[in-house]
Amino acid sequence: GNSVTQMEGPVTLSEEAFLTINCTYTATGYPSLFWYVQYPGEGLQLLLKATKADDKGSNKGFEATYRKETTSFHLEKGSVQVSDSAVYFCALSDPNAGGTSYGKLTFGQGTILTVHP
Amino acid sequence: DTAVSQTPKYLVTQMGNDKSIKCEQNLGHDTMYWYKQDSKKFLKIMFSYNNKELIINETVPNRFSPKSPDKAHLNLHINSLELGDSAVYFCASSQFGRDGEQFFGPGTRLTVL
Chain H
24 GNSVTQMEGP
34 VTLSEEAFLT
44 INCTYTATGY
54 PSLFWYVQYP
64 GEGLQLLLKA
74 TKADDKGSNK
84 GFEATYRKET
94 TSFHLEKGSV
104 QVSDSAVYFC
114 ALSDPNAGGT
124 SYGKLTFGQG
134 TILTVHP
Chain E
128 DTAVSQTPKY
138 LVTQMGNDKS
148 IKCEQNLGHD
158 TMYWYKQDSK
168 KFLKIMFSYN
178 NKELIINETV
188 PNRFSPKSPD
198 KAHLNLHINS
208 LELGDSAVYF
218 CASSQFGRDG
228 EQFFGPGTRL
238 TVL
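Residue numbers (this note's numbering), protein chains in the order written: chain H, 24 to 140; chain E, 128 to 240.
Structure (structure tokens):
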């Protein structure tokens, strides 16, 4: 079955540091890949996505590239801010999944990021 | 305009009680979901409805019963609440056949005493 593995957290950084959160996946088909962000006390919001190999998703200074050869979708940001403190989830959706798996998002375990001033 | 809304935002209740959480989306989507998030932030899908029909039903106790009166609403009723049901419950919606992007509600924090 499909699965997503994210780097263990929590991650603590100083403002303006470089961020990488690793994400690898296992899927039988050609999934779409997502990063969602959950700010404290809120629901999940889509941060960025990529739907095919070599696509780069980007938003708010974050970016991730869909690497089929390494089955990875690592999240990066060049200079984090205190306001980036949140939980980050990597997820996949397999458009070729049938039956009860159609449309299902498979999430990683989430990575808590704390950015200090 | 709120895209996916849930009520209530907080719910505190005693063990053994029955409670409901409501969800509404105004995005015109045809698929809705319920997720449970535990204290370690792990997110687990519980149910999914497409055009008011159940399509995903993960291993969830039958004390949990979803109900979709129309495409814009998906409610969750929980009977005989237990301590282990304490969690944050998220509703989400999507359009079937697109790339899988889902839109989430703000969550309902359920505390069972």
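All residues carry an ideal CB built from backbone N, CA and C; glycine is no exception.
Going by DSSP, name the residue or residues bridged to residue i.
i: H/R9; result: Lying outside 24 to 140, the shown extent of chain H, residue 9 of chain H is not represented and no answer is given.
i: E/T134; result: E/K149
i: H/F41; result: According to DSSP, H/F41 bridges with nothing at all.
i: H/A73; result: H/L56
i: E/S175; result: E/Y160, E/I183
i: E/N99; result: Only positions 128 to 240 of chain E appear in this structure, which leaves residue 99 of chain E out of reach.
Among the residues of its own chain, which have a CB less than 7 Å from the CB of residue i, if the five just before and after it don't count?
i: E/R190; result: I205, N206, S207
Looking only at its own chain, which residues have a Cβ that is under 8 Å from the Cβ of residue i, when we skip the five neighbours before and after it?
i: E/T140; result: K146, L208, L237, T238, V239, L240
i: E/F230; result: A130, V131, Q152, L154, H156, A219, S220, S221
Hey, is residue i's beta-carbon within less than 8 Å of any beta-carbon in chain H?
i: E/E228; result: yes
i: E/G155; result: no
i: E/S175; result: yes
i: E/F217; result: yes
State the DSSP-derived secondary structure class of residue i, mapped to helix, strand or coil.
i: E/D165; result: coil
i: H/V105; result: helix
i: E/V212; result: This sequence places Asp at residue 212 of chain E; Val is not what is there. Three-state DSSP puts E/D212 in a helix.
i: E/V94; result: Given a span of 128 to 240 for chain E in the structure shown, any question on residue 94 of chain E remains unanswerable.
i: H/T28; result: strand
i: E/S221; result: strand
i: H/Y111; result: strand
If we define contact as Cβ-Cβ less than 8 Å, is residue i a contact residue for chain E?
i: H/K72; result: yes
i: H/I135; result: yes
i: H/L67; result: yes
i: H/S106; result: no
i: H/V34; result: no
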